[in-house]
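Student: Before I ask anything, let me first share the structure, which is written out below as structure tokens.
Chains as they are written, first to last, in UniProt numbering: chain A, 1 to 275; chain B, 1 to 370.
What follows is the structure, given as structure tokens:
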């Protein structure tokens, strides 16, 4: 068996990419088509799009904009929880308490096996206490989302952690006179950038798409607002969904850009462990 | 004690940026005093004592699990001690964090920061010491030139060979002019040729800078070739420490004789200050040895082929450049390795006779039969 035998031909690559592309494209194209329909008479026009934009998102659609702001705020809060809590904890477990790694993995993976509905049953009484302490504004949902994104963020960061010799790098930095803060900021985070970024990515995506918890806890987020709109006007709801999709796509693109620009892109991110 | 530490910090040449290279202080002295370190029920260091004089190159040699790396890590502050004291220039550093011990360390695994270029890696320690831009770059470039990589400032770790990475790591450890240089098997991941070249270079640079160096290795050739003194460890403490020649020619135990150089183990008896083995009487390295049954260690070069020797048959013979080592089974079943000139080429199965050259031997008492 040679390496050549494993390399797919241009045709195979094209077929695979095309197939996957179709899976993503068909629903989106169908949505676009739906918003352009002219009702029972048949035919297509852009009247609904122009009506929405000329109306300046007035009336019932105003909530969607507020909800979008809420969701973005929640995404930021959730990413902050993941970065400030999960990354240091994972590093601590990796460097100081390696015997806790299995426990950590189990705890982090757990939320994926618990249906959101079950999670809410447990969260509801917690949130009634939380509401008394911190008020019931929408950002408190970030605590719940911090748990739901845990499995995804954990996997992304842990995979990066396993690929970098964190122990030797931090020991080397310490012998060179770096305190723990410098080790973290100057050595570990730059080398875990990819994992941290991937974790942040997936957290944002999960938060923007979450419906169950927000709906059951009666909070207004992008998804719950869209459902409300769709009950009154299914066409506009689909237009707003398309806009939300575009927004999420652009947001992820921007985050990705920020991550690469900040640390420079002259190098391939490798662990440099090969002789 | 605190005052001592403060004084030491003030003397630190790294913080004195104006000090010209020529006025560098000679390395610091280091001493381990009764250091004990336990890992989950396993005693890695059992009352470890060792003193390194200022500017000295000491190799810590021992089989794996003997505690040599632990000793080095304890000195670096990467492991805490359970008992005992570690002093650098007389000041107790046992509780000082690694970042304030002012040491340079080269690790066994490649430890360059992958997100920084070679030059930025070398600058790292200077950056931590708040050395300013221009001076920092100049000093980093000088350190890279010292290890022969002056033109590799902008390369990243993945663009360098293993040997080059370890050179950069050495430059990075030295650029801050630390009090002590710690080398944790820095050559073990490299191939044989690079290894020999780099160990000689490390010795050259160490002599040039006069920096006190502790070099951990499991390779006796490496230790004997470069060190001023070699300390051989066994089960968490030092078995023997001395100049390479001393260790080789006057081992205190058969463990040392086995570990440092090759050695044949023969059963014999000590009587009146001589070892009786194979019907021959040999002088002892330690004449005060008590009479009784012993295990005798004989170097392959202290054996030769000769008509008057014990008869045996050649089992194998291996070529080592200018010399050859031949394994012989004597008629009584004892197996021996004889070292001789490469021009003599015994064939397998050949009948030979082996005799002792009469060089003094080291012995270990055998446990008395039950």
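Even glycine gets a Cβ: it sits at the ideal position worked out from N, Cα and C.
Taking 8 Å as the threshold, find out whether the stretch 94-104 of chain B comes into contact with the stretch 58-72 of chain B through three or more Cβ pairs.
Tutor: No, the stretch 94-104 of chain B is not in contact with the stretch 58-72 of chain B.
Student: Under 7 Å, Cβ to Cβ, is there at least one residue of chain A near residue 118/B?
Tutor: Working through the second chain from its first residue, we reach residue 118/B at position 118. So, not an interface residue.
Student: Please report how far the alpha carbon of residue 185/B lies from the alpha carbon of residue 216/B, in whole angstroms.
Tutor: Translated into positions along the second chain, residue 185/B becomes position 185. Translated into positions along the second chain, residue 216/B becomes position 216. Roughly 5 Å separates the two Cα atoms.
Student: List, in order along the chain, the chain B residues whose C-beta lies closer than 8 Å to that of residue 179/A?
Tutor: By one-based count along the first chain, residue 179/A stands at place 179. Chain B residues near residue 179/A: 97 and 99.
Student: Can you find a C-beta in chain B that's less than 7 Å from the C-beta of residue 172/A?
Tutor: What you label residue 172/A is simply residue 172 of the first chain in a count that begins at 1. Output row for residue 172/A: interface = yes.
Student: Are the stretch 10-19 of chain A and the stretch 211-218 of chain A touching by the rule of at least three beta carbon pairs closer than 8 Å?
Tutor: In short, these stretches do not touch, since the Cβ pair count stays below three.
Student: Is there a C-beta anywhere in chain A that falls below 7 Å from the one on residue 22/B?
Tutor: Stepping through the second chain from its first residue, residue 22/B is reached at position 22. Any reading at residue 22/B must be qualified, since the residue scores a pLDDT of 36, below 50, and its modelled position is unreliable; no value is offered.
Student: Do residue 171/B and residue 147/B have their CB atoms nearer than 7 Å?
Tutor: To locate residue 171/B, count along the second chain from 1; it is residue 171. To locate residue 147/B, count along the second chain from 1; it is residue 147. Yes.
Student: At least one CB of chain B closer than 7 Å to the CB of residue 12/A: is that the case?
Tutor: Taking the first chain and counting its residues from 1, the one referred to as residue 12/A is at position 12. Residue 12/A does not count as touching chain B.
Student: Residue 56/B to residue 75/B, Cα distance in whole Å?
Tutor: Here residue 56/B corresponds to residue number 56 of the second chain, with the count starting at 1. Here residue 75/B corresponds to residue number 75 of the second chain, with the count starting at 1. Answer to the nearest angstrom: the Cα atoms are 16 Å apart.
Student: What is the DSSP secondary structure of residue 264/B, reduced to helix, strand or coil?
Tutor: By 1-based counting over the second chain, the position of residue 264/B is 264. Looking at residue 264/B - three-state DSSP - the assignment turns out to be strand.
Student: Is there a Cβ from chain A that is less than 7 Å from the Cβ of residue 113/B?
Tutor: On the second chain, position 113 is the one that residue 113/B refers to. Interface residue, yes.
Student: Indicate whether at least one CB of chain B lies closer than 7 Å to the CB of residue 176/A.
Tutor: Start at 1 with the first residue of the first chain, and residue 176/A comes out as number 176. Residue 176/A counts as touching chain B.
Student: Of all the options 111/A, 180/A, 118/A and 121/A, which has the alpha carbon lying nearest to the alpha carbon of residue 152/A?
Tutor: Reading the first chain from its first residue, position 152 is the one you call residue 152/A. Taking only the C-alpha atoms, the option nearest residue 152/A is 111/A.
Student: Along chain B, in chain order, which residues have C-beta atoms closer than 7 Å to that of residue 169/A?
Tutor: Within the first chain, numbered from 1, the residue matching residue 169/A stands at position 169. Near residue 169/A (Cβ distances below 7 Å), the residues of chain B are 111 and 113.
Student: Would you kindly work out how many angstroms separate the C-alpha atoms of residue 90/A and residue 104/B, rounded to a whole number?
Tutor: The residue you call residue 90/A lines up with position 90 of the first chain. The residue you call residue 104/B lines up with position 104 of the second chain. So the two alpha carbons sit approximately 28 Å from each other.
Student: Taking the Cβ atom as the reference point for each residue, do residue 227/B and residue 238/B lie within a distance shorter than 7 Å?
Tutor: By 1-based counting over the second chain, the position of residue 227/B is 227. By 1-based counting over the second chain, the position of residue 238/B is 238. No, the Cβ-Cβ distance between residue 227/B and residue 238/B is not below 7 Å.
Student: Just to confirm the assignment, what range does the alpha helix (DSSP H) spanning residue 134/B have?
Tutor: On the second chain, position 134 is the one that residue 134/B refers to. That run of the alpha helix (DSSP H) goes 133-146.
Student: Within a Cβ cutoff of 7 Å, which residues of the same chain sit near residue 265/B, ignoring the five residues on either side of it in sequence?
Tutor: As a working note, residue 265/B is residue 265 in the second chain. The residues are 254, 295 and 297.
Student: What residue from 247/B, 243/B, 250/B and 332/B has the CA that sits closest to residue 277/B's CA?
Tutor: Walking along the second chain from the start, residue 277/B turns up at place 277. Nearest of 247/B, 243/B, 250/B and 332/B to residue 277/B, Cα basis: 332/B.
Student: State yes or no: is the beta carbon of residue 187/A nearer than 7 Å to at least one beta carbon in chain B?
Tutor: Position 187 of the first chain, counted from the first residue, corresponds to residue 187/A. Yes, contact with chain B.
Student: Could you check if residue 23/B is buried or exposed, using at least 16 other CB atoms within 10 Å of its CB as the buried criterion?
Tutor: In the second chain, the residue the question calls residue 23/B occupies position 23. With a pLDDT of only 36 at residue 23/B, under 50, the local geometry of the prediction cannot be trusted, and the value read off the model is given with reservation. Exposed is the call here.
Student: Near residue 45/A, what residues of its chain come up, given a Cβ to Cβ distance below 6 Å and the 5 sequence neighbours on each side ignored?
Tutor: Indexing the first chain from 1 puts residue 45/A at position 45. If we look at residue 45/A and ignore the five residues flanking it on each side, its Cβ neighbours are 38.
Student: Of all the CB atoms in chain B, is at least one closer than 7 Å to the CB of residue 191/A?
Tutor: In the first chain, the residue the question calls residue 191/A occupies position 191. By this cut-off, residue 191/A is an interface position.
Student: I'd like the span of the alpha helix (DSSP H) that includes residue 57/A, first residue to last.
Tutor: Position 57 of the first chain, counted from the start, is the residue given in the question as residue 57/A. Residue 57/A -> no alpha helix (DSSP H), and no H or E assigned at all.
Student: Tell me, to the nearest whole angstrom, how far the beta carbon of residue 123/A is from that of residue 252/A; I am working on the premise that it is less than 8 Å.
Tutor: Stepping through the first chain from its first residue, residue 123/A is reached at position 123. Stepping through the first chain from its first residue, residue 252/A is reached at position 252. Actually they are not in contact, since the Cβ atoms of residue 123/A and residue 252/A sit about 27 Å apart, beyond 8 Å.
Student: Check residue 140/A in the structure and name its three-state DSSP category.
Tutor: To locate residue 140/A, count along the first chain from 1; it is residue 140. Residue state, collapsed to three classes: helix.
Student: Which stretch, first to last residue, makes up the beta strand (DSSP E) that contains residue 328/B?
Tutor: Numbered from 1 along the second chain, position 328 holds the residue referred to as residue 328/B. Start and end: 323-330.
Student: For residue 166/A, which option in 221/A, 75/A and 190/A has the closest C-alpha, if you only look at C-alpha atoms?
Tutor: In the first chain, the residue the question calls residue 166/A occupies position 166. Selected option, being the one with the closest Cα: 190/A.
Student: Per the DSSP calculation, residue 371/B is bridged to which residue(s)?
Tutor: For chain B, the structure presents residues 1 to 370; residue 371/B sits outside this window and is missing.
Student: DSSP state of residue 79/A, grouped into three classes?
Tutor: Position 79 of the first chain holds residue 79/A. DSSP places residue 79/A in helix when its eight states are reduced to three.
Student: Within 10 angstroms of the Cβ of residue 245/B, are there 16 or more other Cβ atoms? Answer buried if so, exposed if not.
Tutor: As a position in the second chain, residue 245/B is number 245, starting the count at 1. Its Cβ having fewer than 16 others within 10 Å, residue 245/B is exposed.
Student: Under a three-way DSSP split, which group does residue 155/A fall into?
Tutor: Taking the first chain and counting its residues from 1, one reaches residue 155/A at position 155. Residue 155/A falls in the helix class under three-state DSSP.
Student: In the stretch 133-147 of chain B, which residues sit with their C-beta less than 8 Å from some C-beta in chain A, listed in chain order?
Tutor: Of all residues in the stretch 133-147 of chain B, none has a Cβ within less than 8 Å of some Cβ in chain A.
Student: Which same chain residues, not among the five before or five after residue 121/B, have their C-beta less than 7 Å away from its C-beta?
Tutor: What you label residue 121/B is simply residue 121 of the second chain in a count that begins at 1. These residues qualify, in order along the chain: 112, 113, 168 and 172.
Student: Where does residue 88/B sit, in a helix, a strand or coil, going by DSSP?
Tutor: If you number the second chain from 1, residue 88/B lands on position 88. Here residue 88/B sits in strand by DSSP.
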